[in-house]
Amino acid sequence: MPDGTTDEVMVRAASTVRAYLEDLLPESERAAYDEQLLAVLRRAGEEDVEDELDRLLESQPRVNDWVAGFLEFGLPADSLRYVERGARPPGEPAPLALPELYVCPVDGIYAKFLRLAYESPGTCPDHPGTVLVLAPETRA
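As numbered in the working numbering, the sequence shown has no gaps in its residue numbers, which increase by one up to the final residue, 1610.
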């Protein structure tokens, strides 16, 4: 995917929100919504799916709010509280490191940020047994 295009940004947001659907949607809706999202994401590299992706993301208010925060800050909103905290006592604030983004090495359409340093990246739900890897753009 080319860097900086709207499609790239929306695909990254949609790929990343998948890891947070458990917090955003009722269990009864989650699997069907994720399947729809996955189907659109799989076509994103071959055709323009931006309008379809927009409609799908906007169809769920909590997902839409999450994506809006992600587009504004480049991180899930719940990660911001960790970033804004300091590691030192008050008066000597030191920002914490930004959360690291891990992606599926097979196709990149499942991604998640690790909130805590000791958190395991886990595996991709689309490719069982495939461990998520640090996204190339987050490496120094």
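Idealized CB from N, CA, C, for every residue including glycine.
Asked, Found
"Distance CB(L1494)-CB(L1507) smaller than 8 Å", "no"
"DSSP three-state assignment for E1492, whether helix, strand or coil", "helix"
"Per-residue burial, V1601 [other beta carbons within 10 Å of its own, 16 or more giving buried]", "exposed"
"Enclosing beta strand (DSSP E) for A1483 [first to last residue]", "A1483 -> not in any beta strand (DSSP E); alpha helix (DSSP H) instead, spanning 1476-1487."
"Identified DSSP bridge partners for E1570", "L1584"
"Span of the alpha helix (DSSP H), counted from its first residue to its last, around S1498", "1497-1513"
"Inter-residue CB distance, R1482 and E1492 (contact presumed, cutoff 8 Å)", "Rounded, the Cβ-Cβ distance is 19 Å, inconsistent with contact."
"CA-to-CA distance, Y1588 to V1576, given in whole angstroms", "24 Å"
"Residue burial classification, G1474 (beta-carbon count within 10 angstroms, cutoff 16)", "Low confidence applies here, because G1474 scores a pLDDT of 40, under 50, leaving its location unreliable; read the following figure in that light. So G1474 counts as exposed."
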